[in-house]
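In our numbering, the protein residues as written are 13 to 395. In what follows, a structure is listed as structure tokens, so that the remarks can point back to it.
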């Protein structure tokens, strides 16, 4: 049930007429309490959409009562008018569901540089408010899709409490946070500071490790809302683990649905001198277009892995690098090892392991191959 798996939350998704396809394009998530603590993380792109700016300010108080989300338009790079539109979305939502506008987060996704048709948006919010339901999580997840082929939801349960979530994202996927809108909910009783700590730790090793195409969005938003409806105050470690579980599930769904992808690629870097080194190396490998093309063609070209490693500032000796592809150690000590024709790349899932042999730290990143379908989709669709 996505964001409504946790008690105290209502949601819905409706057709507001924002998408030419006529598909659902506006969603509401409402926290009915008794608590309304919240936390969030946002894109690190210096060009930020009006909804990101609004929601960041709103979250400063650590309290969110409702989230309004639309697909069909990003409301990014739209000037003062776009800021006015964001405020109007918050005010209309607040009026319809009976909360303070300063407790409404706003999320938008779609085409950059175009104003939203606010008559349709506000009418959609009014309609959505009449359809809120404790079973509306799936409909909300459907309504926030853009180029997604499937909607994305996940749930994790604790001892008497639950964390649920929904996400959208299929392209422009790179930290921070990937082109994503994510709303997470929990009926645990937790303060904003606990939620903030749990969310940031979870995002650090999940959404921030998704790197599909090296492109960073203007609208990335991940929100975590707590209703306290379970009456249970979990140990912060347990809450962080549950939030991490949901985030990781959703992150893997993002990569699985990446635009045009035919391969899902996990890059595991081990033996690093530091976690930062491991992440830098993993990201360089994940963003190497030559390698991504080779893997699409089912060519285990490990030389391109070494080439990507060599562009980083990580600590390593080029003559001590080891690389495995799908369990076959094709490279040892920076040179050919097992025959590359032993590597089977016919399946959808590919695992690359890089051993820097420089320490005890590690990191895992997720990416996908580069296909003609990706090029076609991003030449035919303005984003």
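Each residue gets a CB set at the ideal place from its N, CA and C atoms; glycine is no exception.
- Assignment of residue 200 by DSSP, reduced to helix, strand and coil, places it in the coil class.
- Annotation for residue 131: the continuous alpha helix (DSSP H) segment containing it runs 130 to 141.
- Inside the region 257 to 337, DSSP marks whole beta strand (DSSP E) runs of 3 or more residues at positions 276 to 284 and 334 to 337, from first to last along the chain.
- Nearest to residue 360 by alpha-carbon distance, out of 267, 106 and 93, is 267.
- DSSP, read as helix, strand or coil, puts residue 114 in helix.
- In the structure shown, residue 23 falls within a strand segment according to DSSP collapsed to helix, strand and coil.
- By the C-beta density criterion, residue 301 is exposed, having fewer than 16 other C-beta atoms within 10 angstroms.
- Bounds of the beta strand (DSSP E) holding residue 367 are 361 to 367.
- Residue range 373 to 380 is occupied by the beta strand (DSSP E) that includes residue 373.
- With distances taken between CA atoms, residue 313 lies nearest to 303 out of 320, 322, 321 and 303.
- In the displayed model, residue 67 falls within a helix according to three-state DSSP.
- With contact defined as three or more Cβ pairs closer than 8 Å, the region 73 to 93 and the region 270 to 283 are not in contact.
- Assignment of alpha helix (DSSP H) within the region 45 to 114, counting only whole runs of 4 or more residues, yields 62 to 70 and 91 to 109 in chain order.
- By the CB criterion at 8 Å, residue 198 and residue 215 fall outside the cutoff.
- Excluding residues up to 5 positions away in sequence, 25, 81, 152, 155 and 156 lie with their Cβ nearer than 6 Å to the Cβ of residue 39 in the same chain.
- When C-alpha distances from residue 248 are compared across 203, 265, 193 and 230, the shortest belongs to 203.
- Straight-line spacing of the CA atoms in residue 71 and residue 144 works out to 23 Å.
- Residue range 174 to 180 is occupied by the beta strand (DSSP E) that includes residue 177, with no alpha helix (DSSP H) assigned at that position.
- Boundaries of the beta strand (DSSP E) around residue 340: 340 to 344.
- For residue 222, there is no enclosing alpha helix (DSSP H), since its DSSP letter is neither H nor E.
- When DSSP reads this structure, residue 119 sits in a beta bridge with 81.
- In the structure shown, the three-state DSSP call for residue 33 is coil.
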